[in-house]
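The opening residue of the sequence shown carries number 1 in UniProt numbering; numbering runs sequentially from there.
Just so it is clear, CB atoms sit at the ideal spot from N, CA and C, and this is done for glycine as well.
Small disclaimer: the values here were computed from a predicted structure and weren't measured.
This report concerns only the one structure given below.
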Amino acid sequence: MGKSRARRFRREPRAPAGPAQQPHGPDEEAAAELLEKLQHPSAEVREYACASISKLLQQQHVIPAFVQRDVVRCLGPLLMDHSLAVRETAAGALRNLSACGGFDVCDDMVTNDIMTPLVALLKECSTGLDANHLSPKKCRGMNKNYVEDIANEAINLLWNICECNNTALYIFNKEGCLEAVLHYMKKFATNVDLAISVANCLQAVTEDNPDLLSSFNASAQQILETVMLSPESTMKYILLRTLIAGTIWNIRDTIPPGCLGSTVNAILKIFSESLAIDAGETIIRMSEAEKNRQKLGVEAETEENMIDTTENCVLSEDDNMEEIPNGKLRRENDVSDLLPSDKWELKEVTALLTAQQTALEIIVNMCYSEDPSDDEWEELSSSDESDLFMENSYNEGSGLLLSPLCLSDEVNSAFLNNLIPKKILEKTAFPNSVALDICMHNPSWKPLIKKLNAVQCRALTCLQSILLVSDVDCLGGASALQSLALHLSQLIFSKTELPTDTEFLEAVTSALRALLQTMASKNISQCMTPEQLLALCEAGIQSNNASVRVNVVSILGISGSVLAKEQDTAETLKMIGKFLLEVAMKESSLVVAGEALDALFDVFADGKEAEKAALQIKLLPTLKEFQPVFRTRMRKEGKGQYSTDQLCVLDNVKMNLRRFIAYQETLGKTST
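Here you go:
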């Protein structure tokens, strides 16, 4: 209980599967028929079967039918098929299986030895990357490079599996896959999609993987540095640089102390570049560009019709291959990535939002990291720059926080130099209403709404982390914190109804909780009225998310402890006390109930107004009656339902409850 803790973001598998479902009859029949065709002597038929399986595997209810028929063992050998087209479609099918199947399916894939053919394919593609494997036919106006396209599918498959399975990560290390993967990155100037796939994979395999660090020699670091310094300004390249910056942060222990300062600054400069872009304005501009392009006759519909009626994309190395009826093959990245390749503007906006979300998550992790040693930061610890930046840490007239994390002089200077906190604060605002309207009325763009909201939530979590690791002076002083409190209040109360989105509520209440803690610790007056606080808490306590409920209870405790020191606040303290008592006694989660008790201890710890309110709500007899109930709940519900850390905290609450009752009894004797 007590102080909130910084949250660390971990990369999660994409599209995790829901509860396991039993395969349906038609699904079983389709699976059996297609899996049988994988053994057909004709490469064209094998490719068709792989492409059809790939399409079906996007439907989660179909996955069990394929898994039960050993789809991994059927598709795995095709990764080394003599037909390049079969290799690509087989890798695409396995990629979709890993992305849509979730943890259990990825575990099953590793158990069924998918890593053996996958590693072999990756190394073979790496060796042949510079060879000319262009198809004689064109796909969407360009010669098709089979090796790069196969590599892209294989890298995405590797990324998904390594994120989900530690055995896969061990094999990645043991088999020396890093060298092959980094070789693909050298194509970043001509194939940014492949480079982004590699960067995603690298960021995943370098997170919490100390065994891999020794493989990042000077040559490997040079490849990453080259990408970071690339001048291309498209959103895809911004995403690429952001992902590479995250990888370099993950492997920072390999960087010599003398170079660490410039490296941190380079990382934050990339994040600053990403966060400086207004996503709403970009959506508006790109939407207009898409309309203009379509008016000029370069419509996606025309291109789709051409692909449906002609054989633009070669199906194998054989130019004379017959067309396979009753099905359209999955081609390129548009199926696996779920974005048609002609949607250039949409892909650019998606890349930008992904880059911003990634940057914010990495900054949160930077806050989470342990404080570096003095030796590591020696290079810039005495920098005159640091003092200069600190003098300008508050933007006059704007009320915006511009100060850095107070983890070290080096990080401080880098944060200030790149105005990171200011840009984070800007991202906490609600998305542009015009951009939202564009997305709402365009089915292809509608998924961007979720991404816009995700960026806002990540920014709020980022703000929370900064508040938890910074002191008041670094944050710009009392006036800056009060301006921030007003900003967060407006986010919560600006609409007629309080927000109900769980992710937003958790993020905004976490940020507010951290802010109020900081303000209370320095006796800075708070801007939210008791009525606003109670309204927020009454809405938040109804949330299905236990973290939201913990936050609002803690917020009420922090604010109540401040009010207890003021005059004529007994009535407000009575309302707060009643609310917290009800939560403690009726809350289904022991963690939330414990937080409510902890908040009560803070509110009624001291002060005449608190004593008066405690007597009026009969706090002491109520807690004495509740004490054995809480003990019983802990004994019955504690084991198996809560983590060791949570149980330790709850044990402290139980002990503090006994002490608080004794304290209240002492107060009662004194008053009589």
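Check: Ala511 vs Gln464 beta-carbon contact at 7 Å; Outcome: yes
Check: Nearest candidate by alpha-carbon position, reference Cys162, set Lys187, Lys423, Glu290, Ala204; Outcome: Ala204
Check: Residue of Phe660, Asp606, Leu647, Asp602 minimising C-alpha distance to Lys624; Outcome: Phe660
Check: Under 7 Å between C-beta atoms of Ile155 and Ser197; Outcome: yes
Check: Contact between the segment 259-273 and the segment 240-248 (3+ Cβ pairs under 8 Å); Outcome: yes
Check: Within the segment 546-598, ranges of the alpha helix (DSSP H) (whole runs, at least 4 residues); Outcome: 546-563, 570-586
Check: The alpha helix (DSSP H) enclosing Trp445, as first and last residue numbers; Outcome: Trp445 -> no alpha helix (DSSP H), and no H or E assigned at all.
Check: CA nearest to the CA of Met655, picked from Arg631, Glu665, Arg458; Outcome: Arg631
Check: Backbone CA spacing between Ile238 and Thr350 [nearest angstrom]; Outcome: 11 Å
Check: Cβ contact (3+ pairs, closer than 8 Å) linking the segment 485-493 and the segment 434-453; Outcome: no
Check: Under 7 Å between C-beta atoms of residue 719 and Ile576; Outcome: Residue numbering for the chain in the displayed model covers 1 to 672; residue 719 lies beyond these limits and cannot be assessed.
Check: Helix, strand or coil at Phe430 according to DSSP, with G and I counted as helix; Outcome: coil
Check: Residue span of the alpha helix (DSSP H) that contains Phe103, given as start and end; Outcome: 84-111
Check: Closest Cα partner of Asn160 within the set Asn96, Asp193, Met185, Lys586; Outcome: Asn96
Check: Nearest-angstrom Cα separation, counted from Arg87 out to Asp81; Outcome: 6 Å
Check: Length of the line joining the Cα atoms of Asn544 and Thr502; Outcome: 8 Å
Check: Cβ-based neighbour list, Leu224, same chain, cut-off 7 Å, excluding 5 preceding and 5 following; Outcome: Ile244, Thr247, Ile248
Check: Start and end residues, alpha helix (DSSP H) containing Ile223; Outcome: 218-228
Check: Outcome for Ala20 when other beta-carbon atoms lying within 10 angstroms are tallied against a minimum of 16; Outcome: In this prediction, Ala20 has a pLDDT of 40, which is less than 50 and means its spatial position is unreliable; what the coordinates show is noted afterwards. Looking at its Cβ environment, which holds fewer than 16 other Cβ atoms inside 10 Å, Ala20 is exposed.
Check: CB-CB length for Ala199 against Leu240, believed under 8 Å; Outcome: 6 Å
Check: For Cys457 and Ala507, believed in contact at Cβ under 8 Å, the rounded distance; Outcome: 4 Å
Check: Residues near Val227 by beta carbon distance below 6 Å, same chain, minus five either side; Outcome: Phe188, Ile244
Check: Neighbourhood of Val552 by C-beta distance below 7 Å, restricted to the same chain and skipping five residues each side; Outcome: Thr509, Leu536, Cys537, Gly540, Ile541
Check: Own chain, CB closer than 8 Å to Glu345, minus 5 neighbours either side, in chain order; Outcome: Met286, Ser287, Ala289, Glu290, Arg293
Check: Selected residue, minimal CA-CA separation from Ala218, among Ser554, Pro256, Ala99; Outcome: Pro256
Check: Coarse secondary structure for Tyr663, derived from DSSP in three states; Outcome: helix
Check: Close Cβ partners of Met634 (< 7 Å) along its chain, the five nearest in sequence each way excluded; Outcome: Leu590, Leu650, Lys654
Check: Secondary structure of Leu467, DSSP reduced to three states; Outcome: helix
Check: Cβ separation of Leu352 and Met235, assumed to be a contact under 8 Å, to the nearest whole Å; Outcome: 4 Å
Check: Nearest residue (CA-CA) to Val364, options Pro421, Lys343, Lys347; Outcome: Pro421
Check: Closest residue to Leu468 among Lys636, Cys367, Leu79 (Cα-Cα distance); Outcome: Cys367
Check: Backbone CA spacing between Ala123 and Met115 [nearest angstrom]; Outcome: The residue you asked about is not Ala; residue 123 is Lys in the sequence shown. Going from the Cα of Lys123 to the Cα of Met115 covers about 12 Å.
Check: Alpha-carbon to alpha-carbon, Ala31 and Ile53; Outcome: 8 Å
Check: For Lys55 and Val45, believed in contact at Cβ under 8 Å, the rounded distance; Outcome: Between Lys55 and Val45 the Cβ distance is about 16 Å, and since that is not below 8 Å, they are no contact.
Check: Span separating the alpha-carbon of Gln532 from that of Ser274; Outcome: 35 Å
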